[in-house]
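Only one structure is covered here, and it is reproduced in the block below.
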Amino acid sequence: ANEPIEVVLQFINDLFVFWLRGGYWQEGEQWMKAAVSQAPQKDSADLCVTLSQQGVFAALQGRFAEANPKTQQAYQMARRLEEPWPLVLTLQIQGQSRPDKEGALAAYAEAIAICEERLDDPRFNGFLGSLLGLQGDRMLTFGMMGEAKASLEASVAHLRKLGDTFWIAYPLGNLGRMALHEGDLQKAYELISESVAITRHSGNRGGIADWLFRLGQVQLYRGELAAAERNLQETLRLYEETDNAFGPPGVLSNLSLVALARGELETAAARLQDGFGRYRQLRQEVRQVNFSSDFLEFGDTRDSLLHAALVAHAQGDWPTAVAFFRLFEQNERGYKVIRPLQDKVTNAKADIQTQLLPEEYAAVLAQAEQLTLDDLLFKW
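Take a look at the structure:
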């Protein structure tokens, strides 16, 4: 009697990448919910994988209070099963979701080691390339630039050797992001454009959005404002179509910089207001899972603080600008700001100090020290 549901679970697990690529996250999640509700609640590799994938889809849509129990249940089940494939999949999710650097990197290291022991199995050999890329991405968030670059380059080399034409978009694009942060706009443009082409060819709507976002950023700093606006707007549309809750706030924040570059201050402020409203919703979801969760570990969130400060500076609102700059500084933690953005920040800070007397600046700074992220998310 249990055999048919096992077949269904296997079929659904095989469809995961199709749903993920196409951005059909709600549909995939609904099928998984139905299958899990019919499955015997006993440990099995197929149920473990389905639960973990169900958690991924919920998290991508910003529903962390639902996602976290699923992914933790799957992880504990994988530990009990001691089967390598479910364990690798659940370790990868631990590596992406754990807020602590030590725990996240330990999860990746264990998953990578399991794959390296099984390179004769195509599943593990193929997944190794993806793991190396995801590990590199996480290292970027921790400010480990050298280690991140090495992991991303290893990922690209491994996936090229396998002839991969899908997963490789991510490590390539992240190497492009590193070039962007270093101020090498041409290299960033070339690598990220390749990622856009790969994701368009594969029909991966989530991937198209992710890399159009970064391409739009590069174009913004190259002064190609029309192209940046077009790509960022397409990104926003794709994120909303796929119910991606993470992406839109950062896109709107970058769109505010496009408006600022055009001198359209009202539009810039309106876009920030929209983006910050979405950040507030995400923050509430995260706190249902872990009240102490660090929302400022994400680079796009930190960038948004600087974008808001630049808009406030352009409006002549020195206290708000200083408050956003100060909150960023308090949460910098080795984060490497995009070099052209850092140049704008340096100039704005210098201008504010010329506009205020030393005692006025000290008073504004003291006021800024009292404000939290929650306070500032309501500024727009």
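Note that this note's numbering has the sequence shown beginning at 4, numbered continuously upward. Quick reminder that beta carbons are idealized off the backbone N, C-alpha and C, glycines included.
- As for any alpha helix (DSSP H) of minimum length 4 sitting wholly inside the region 89 to 168, the runs are 104 to 119, 125 to 144, 148 to 165, ordered along the chain.
- Taken through DSSP and simplified to helix, strand or coil, THR238 comes out as helix.
- Scanning the region 274 to 343 for uninterrupted alpha helix (DSSP H) segments of 4 residues or longer gives 302 to 317, 321 to 333, listed from N- to C-terminal end.
- The DSSP-derived three-state label of LEU12 is helix.
- The straight-line gap separating the alpha-carbon atoms of TRP22 and GLU243 is approximately 16 angstroms.
- Under the three-state reduction of DSSP output, ALA42 falls in the coil class, being neither helix nor strand.
- In the same chain as ALA116, and ignoring 5 residues on each side of it, no C-beta atom comes closer than 7 angstroms to its own.
- Counting the other Cβ atoms within 10 Å of the Cβ of LYS73 gives 16 or more, which makes it buried.
- The residue among ILE201, LEU178, ALA200 with its C-alpha nearest the C-alpha of LYS190 is LEU178.
- Your pair VAL52 and PRO89 checks out as a contact, with CB atoms roughly 6 angstroms apart and the cut at 8 angstroms.
- For a cut-off of 8 angstroms, the C-beta gap from GLY209 to ASN247 is around 7 angstroms, short enough to register as a contact.
- C-alpha of ALA369 to C-alpha of GLN287: approximately 28 angstroms in a straight line.
- Rounded to whole angstroms, ALA68 and GLN75 show a C-alpha spacing of 12 angstroms.
- When C-alpha distances from LEU12 are compared across GLY149, GLY26, GLU267, SER55, the shortest belongs to SER55.
- In terms of Cβ geometry, GLU372 and ARG336 do not form a close pair [threshold 9 angstroms].
- Residue state for ASN207 is assigned as coil, using DSSP reduced to three classes.
- Burial state of ASP124 is exposed, judged by a 10 Å Cβ sphere holding fewer than 16 other Cβ atoms.
- Inter-residue distance for GLY302 and THR144 is about 6 angstroms (C-alpha atoms, whole angstroms).
- Of LEU165, LYS352, ASN334, the smallest CA-CA separation from ASP320 is found for LYS352.
- Taking every protein chain shown into account, the CB of VAL10 has fewer than 16 other CB atoms within 10 angstroms, so this residue is exposed.
- In this structure ALA272 is buried. Its beta-carbon is surrounded by 16 or more other beta-carbon atoms within 10 angstroms.
- In the same chain as LEU84, and ignoring 5 residues on each side of it, the C-beta atoms closer than 7 angstroms to its own belong to ASP46, ALA48, CYS51, in chain order.
- Counting the other CB atoms within 10 Å of its CB gives HIS161 a total of 16 or more, which places it among the buried residues.
- Under the DSSP assignment, GLU185 falls in the alpha helix (DSSP H) whose first and last residues are 172 to 185.
- GLU86 carries a coil assignment under DSSP once its states are collapsed to helix, strand and coil.
- The shortest C-alpha to C-alpha distance from ALA42 to any of ILE195, TRP214, ASP277, ILE15 is the one to ILE15.
- In the three-state reduction of the DSSP assignment, GLN75 falls in the helix class, which pools H, G and I.
- Contact fails between the region 267 to 281 and the region 220 to 238, because fewer than three Cβ pairs, one in each stretch, are under 8 angstroms apart.
- For GLN56, the uninterrupted alpha helix (DSSP H) run begins and ends at 48 to 63, by DSSP.
- Nearest neighbour of GLN333 by Cα position, chosen from LEU376, MET35, LYS382, THR349, turns out to be LEU376.
- Sequence-distant partners of GLY132 (beyond 5 residues in either direction) whose C-beta falls short of 7 angstroms from its own C-beta, in its chain, are SER158, HIS161, LEU162, LEU165, ASP167, TRP170.
- Per DSSP, GLY266 lies in no alpha helix (DSSP H) and is assigned neither H nor E.
- According to the DSSP assignment, GLN370 belongs to the alpha helix (DSSP H) that extends over 361 to 372.
- Here the alpha carbon of ALA212 sits roughly 21 angstroms from the alpha carbon of GLN138.
- In this structure TYR111 is in contact with ARG141, their Cβ atoms being roughly 7 angstroms apart against a cut-off of 8 angstroms.
- DSSP, reduced to helix, strand and coil, places ALA248 outside both helices and strands of the structure shown, so it counts as coil.
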